[in-house]
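Student: Dropping a structure here in structure tokens format, bear with me for questions.
In my numbering, the protein residues as written are 753 to 1390.
The structure is reproduced here in structure tokens:
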């Protein structure tokens, strides 16, 4: 019994231990089958993580697509300016594909669901709307415009006879109104977007995009106006005749210089020919012959610049208003040369320099080689040393030099234009030369047809001062040489405008002007008589005309020459072109400086950005505009 009990106890203990071990094993197995807390959370959040990852992926797709759009727009602009028209459709197609991808990403159902999320939803909605607007811009403007431009072949756009193949331009001209309308539609759509629920960074994106669209809108409307005008001006609808005037910048006027050489151009179906040439010496000084003005006069012009403006062709462009000078030049040409002119083009030697940059150097029959770097000096200064004549009499010498330099100027410009017409350079380089000349005021245009002239309203090429201060508050500083020579090749000028527009109705504009002779007396004495006439006007004698902003009046005027203040009796304050004008003479001896300070107050209406306008000159006027910091409430429009 004892032995049995021991065995039973032994077996019972064994079984108990065995059962315990089995229970423990079962417990451990169950623990392995049950997820930990972290794993359980991971499993719970996995749908959220997948959604977030998907959203981030779609946003990355959208972001990369829009970055590529931005990059390709830059490529497209380069291709347009370089007339690389073959590549335009491919670039436009890539932009369209990128915008399609971006719109698909922004309209993903999961991404769209974010628009219902508080705080973030407004930004997501605005982002989607901007990508859709970009897509619309790509498909309705960029792609069709690229298609039209790709039809233009730069190699054949210029014909063998130096003209322009207008047939290549007509489809673009016809398509432009619809392109501009589509652009306007997108611009209106973007401007009207509700940004109130979007976060500041997204609002900033909208503001930038909206600014880019509205900023280019005016340029597109201008192109829509100008393209038909350009093709018509090139003779698309019959021959057109223009007087090309070359101002002599060694004799400064408000438009750039005295009317020196001239040429009548004919455009017929894109082909240009030089019909006739002349110089100011071909036309009589009507005041000396008792003939009077060539046309009815404007009292404002004669008050400031004298009747002589209408009596001598070379002084036609004295006023800072191209239409005034163009009408006088047209009247002289038509009366003494005959024919009928459709307009006048002012094209100064610095514009010729831009052309030479496109065509390359031009060799003249007289032996000189004109380049972009030397053409201004050769035409406006060195020629007077070359053709100073053999006469001892100043008057005879002047007449000889006038005729010879006029012929040289005419021959030079004819050679340059011939090179321009028959040069095989890239048309893009030619176009850039013209655009550069317009931007620097070296090229200006007037049409005799009032309807055509009106199309130029608001453009720089029109050469007029604005009639209000809405876009720019313009102050003008202009000069007219009075020396009777060509002394402005040795004149350097500077003008500074300090504006204070802080208080409505009490704006103030201070203009500082300096004129400095770069000559020494020894250098002056060696100048040819035609540059520095040996009479009472032998030094640099220049009239200065300061045109106030619209609505402003002169408050104070002081002028000093070589440290000596001139009399108030010599200072004229009057009105012209709807502005107050302060005019005064300066007579500067070699090495001396004239200084003037004029203060104007009370420019009227909405005040745009203060701007200083000066004429093109042999030595460009150094300008500076500064605006005083406001300590009071800003004026309207600032």
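All C-beta atoms, glycine included, are put in the ideal place defined by N, C-alpha and C. Bear in mind the structure is a predicted one, so any value in this text is a computation, not a measurement.
Report the residue from 1093, 1129 and 1115 whose alpha carbon sits nearest the alpha carbon of residue 1100.
Tutor: To locate residue 1100, count along the chain shown from 1; it is residue 348. Of the listed residues, the one whose Cα sits closest to residue 1100 is 1129.
Student: Please classify residue 1097 as buried or exposed, where buried requires at least 16 other C-beta atoms within 10 Å of its C-beta.
Tutor: By 1-based counting over the chain shown, the position of residue 1097 is 345. Buried.
Student: Taking 6 Å as the limit between beta carbons, can you name the residues of its chain near residue 1198, skipping five residues before and five after?
Tutor: Reading the chain shown from its first residue, position 446 is the one you call residue 1198. Closer than 6 Å at the Cβ level, and outside the excluded window around residue 1198, lie 1074, 1075, 1078, 1095 and 1096.
Student: Identify which residue in 1029, 1233, 997 and 987 has its Cα closest to the Cα of residue 1089.
Tutor: On the chain shown, residue 1089 is found 337 positions in, with the first residue counted as 1. The candidate whose alpha carbon is nearest that of residue 1089 is 1029.
Student: For residue 1120, which residues of its own chain have a beta-carbon under 7 Å away from its beta-carbon, when the five flanking residues on both sides are left out?
Tutor: Stepping through the chain shown from its first residue, residue 1120 is reached at position 368. Excluding sequence neighbours, residue 1120 sits near 1130.
Student: Would you kindly work out how many angstroms separate the C-alpha atoms of residue 1009 and residue 1249, rounded to a whole number?
Tutor: Translated into the one-based positions of the chain shown, residue 1009 becomes position 257. Translated into the one-based positions of the chain shown, residue 1249 becomes position 497. Spanning the two alpha carbons is a distance of roughly 23 Å.
Student: State yes or no: is the C-beta of residue 974 within less than 9 Å of the C-beta of residue 904?
Tutor: Counting from 1 along the chain shown, the entry for residue 974 is found at position 222. Counting from 1 along the chain shown, the entry for residue 904 is found at position 152. Taking 9 Å as the Cβ cut-off, residue 974 and residue 904 do not qualify as a contacting pair.
Student: Provide the residue(s) that pair with residue 1000 in DSSP beta bridges, ordered along the chain.
Tutor: As a position in the chain shown, residue 1000 is number 248, starting the count at 1. In DSSP, residue 1000 forms a bridge with 1010.
Student: Determine the DSSP secondary structure at residue 1085, reduced to helix, strand or coil.
Tutor: Here residue 1085 is taken as the residue at index 333 of the chain shown, counted from 1. The answer is helix: DSSP assigns residue 1085 an H, G or I state.
Student: Can the beta-carbon of residue 1061 be found less than 9 Å from the beta-carbon of residue 1230?
Tutor: Taking the first residue of the chain shown as position 1, residue 1061 is located at position 309. Taking the first residue of the chain shown as position 1, residue 1230 is located at position 478. Not in contact: residue 1061 and residue 1230 (Cβ atoms no closer than 9 Å).
Student: Give the list of continuous alpha helix (DSSP H) stretches no shorter than 4 residues that lie fully inside the segment 1011-1088.
Tutor: Listed in chain order, the complete alpha helix (DSSP H) runs (minimum 4 residues) inside the segment 1011-1088 are 1051-1057 and 1074-1088.
Student: Report back the beta-carbon spacing between residue 1093 and residue 994 to the nearest angstrom; my notes put them in contact at under 8 Å.
Tutor: Taking the chain shown and counting its residues from 1, one reaches residue 1093 at position 341. Taking the chain shown and counting its residues from 1, one reaches residue 994 at position 242. Contact holds; Cβ gap of about 6 Å.
Student: Could you compute how far the alpha carbon of residue 945 sits from the alpha carbon of residue 1345?
Tutor: If you number the chain shown from 1, residue 945 lands on position 193. If you number the chain shown from 1, residue 1345 lands on position 593. Going from the Cα of residue 945 to the Cα of residue 1345 covers about 58 Å.
Student: Hey, would you say residue 858 sits closer than 9 Å to residue 864, going by beta carbons?
Tutor: If you number the chain shown from 1, residue 858 lands on position 106. If you number the chain shown from 1, residue 864 lands on position 112. Closer than 9 Å, so yes.
Student: Restricting to Cα atoms, I'd like to know which of 1355, 1123 and 869 is closest to residue 1253.
Tutor: As a position in the chain shown, residue 1253 is number 501, starting the count at 1. That would be 1355, whose Cα lies nearest to the Cα of residue 1253.
Student: Sort out for me which residues DSSP pairs residue 881 with in a bridge.
Tutor: Position 129 of the chain shown holds residue 881. None, per the DSSP bridge assignment.
Student: Please report the distance separating the alpha-carbon of residue 1184 from that of residue 1007.
Tutor: The residue given as residue 1184 occupies position 432 in the chain shown. The residue given as residue 1007 occupies position 255 in the chain shown. Distance between the alpha carbons of residue 1184 and residue 1007 is about 22 Å.
Student: Going by DSSP in three states, residue 1230 sits in which element: helix, strand or coil?
Tutor: Counting from one through the chain shown, the residue named residue 1230 turns up at place 478. DSSP places residue 1230 in strand when its eight states are reduced to three.
Student: State yes or no: is the C-beta of residue 1132 within less than 9 Å of the C-beta of residue 1282?
Tutor: Reading the chain shown from its first residue, position 380 is the one you call residue 1132. Reading the chain shown from its first residue, position 530 is the one you call residue 1282. No; because the gap between Cβ atoms is not below 9 Å, this pair is not in contact.
Student: What residue range does the beta strand (DSSP E) around residue 1261 cover?
Tutor: One-based indexing of the chain shown puts residue 1261 at position 509. Run containing residue 1261: 1260-1269, per the beta strand (DSSP E) assignment.
Student: Where does residue 1068 land, buried or exposed, given buried means 16+ other C-beta within 10 angstroms?
Tutor: Within the chain shown, the letter at position 316 stands for residue 1068. Buried: at least 16 other Cβ atoms inside 10 Å.
Student: Are residue 827 and residue 854 closer than 9 Å when you measure CB to CB?
Tutor: Residue mapping note: residue 827 aligns to position 75 of the chain shown, counting from 1. Residue mapping note: residue 854 aligns to position 102 of the chain shown, counting from 1. In this structure, residue 854 does not lie closer than 9 Å to residue 827 by Cβ.
Student: Quick check: the Cα distance between residue 1115 and residue 936, rounded to an integer number of angstroms?
Tutor: As a working note, residue 1115 is residue 363 in the chain shown. As a working note, residue 936 is residue 184 in the chain shown. C-alpha separation (whole angstroms): 49 Å.
Student: In its own chain, which residues sit with a C-beta less than 8 Å from the C-beta of residue 1054, not counting the 5 before and 5 after it?
Tutor: For this step, residue 1054 is matched to residue 302 along the chain shown. Only 1061 and 1062 meet the Cβ criterion.
Student: Could you check what DSSP says for residue 1370 in three-state terms: helix, strand or coil?
Tutor: One-based indexing of the chain shown puts residue 1370 at position 618. Looking at residue 1370 - three-state DSSP - the assignment turns out to be coil, as it is neither helix nor strand.
Student: Kindly indicate which three-state DSSP category residue 1351 falls into: helix, strand or coil?
Tutor: Start at 1 with the first residue of the chain shown, and residue 1351 comes out as number 599. Note: residue 1351 maps to strand in three-state DSSP.
Student: For residue 1362, which of helix, strand or coil comes out of DSSP?
Tutor: Locating residue 1362 in the chain shown gives position 610, counting from the first residue. The answer is strand: DSSP assigns residue 1362 an E or B state.
Student: Sort 1247, 1328, 902 and 1368 by Cα distance to residue 1376 and report the nearest one.
Tutor: As a working mapping, residue 1376 is identified with position 624 in the chain shown. Measuring from the Cα of residue 1376, the nearest candidate turns out to be 1247.
Student: Expressed to the nearest angstrom, what Euclidean distance is found between the alpha-carbon atoms of residue 940 and residue 1350?
Tutor: What you label residue 940 is simply residue 188 of the chain shown in a count that begins at 1. What you label residue 1350 is simply residue 598 of the chain shown in a count that begins at 1. Computed Cα separation, rounded: 44 Å.
Student: Could you tell me the boundaries of the beta strand (DSSP E) in which residue 1324 lies?
Tutor: Within the chain shown, residue 1324 is the residue found at index 572, counting from 1. 1324-1328 is the span of the beta strand (DSSP E), which, as asked, contains residue 1324.
Student: Quick one: grab the DSSP three-state call for residue 1337.
Tutor: The residue given as residue 1337 occupies position 585 in the chain shown. Note: residue 1337 maps to strand in three-state DSSP.
Student: Using only the alpha-carbon positions, how far apart do residue 1307 and residue 1026 sit?
Tutor: Along the chain shown, read from residue 1 onward, the residue named residue 1307 stands at position 555. Along the chain shown, read from residue 1 onward, the residue named residue 1026 stands at position 274. In a straight line, the C-alpha of residue 1307 is about 50 Å away from that of residue 1026.
Student: Is it buried or exposed, residue 1071, if we count other Cβ atoms within 10 angstroms and call 16 or more buried?
Tutor: Taking the chain shown and counting its residues from 1, the one referred to as residue 1071 is at position 319. Per the 10 Å Cβ criterion, buried.
Student: Given a threshold of 16 other Cβ atoms within 10 Å of its Cβ, counted over all protein chains shown, does residue 1273 qualify as buried or as exposed?
Tutor: Here residue 1273 refers to the residue found at position 521 of the chain shown. When all chains shown are included, residue 1273 counts as exposed.
Student: Residue 1102 and residue 1367: beta carbons closer than 9 Å?
Tutor: Translated into positions along the chain shown, residue 1102 becomes position 350. Translated into positions along the chain shown, residue 1367 becomes position 615. Result no, Cβ atoms of residue 1102 and residue 1367 do not sit closer than 9 Å.
Student: Residue 874 and residue 949 look like a contact to me (Cβ under 8 Å); what is the Cβ gap, rounded to whole Å?
Tutor: In the chain shown, the residue the question calls residue 874 occupies position 122. In the chain shown, the residue the question calls residue 949 occupies position 197. Correct: roughly 3 Å between the Cβ atoms.
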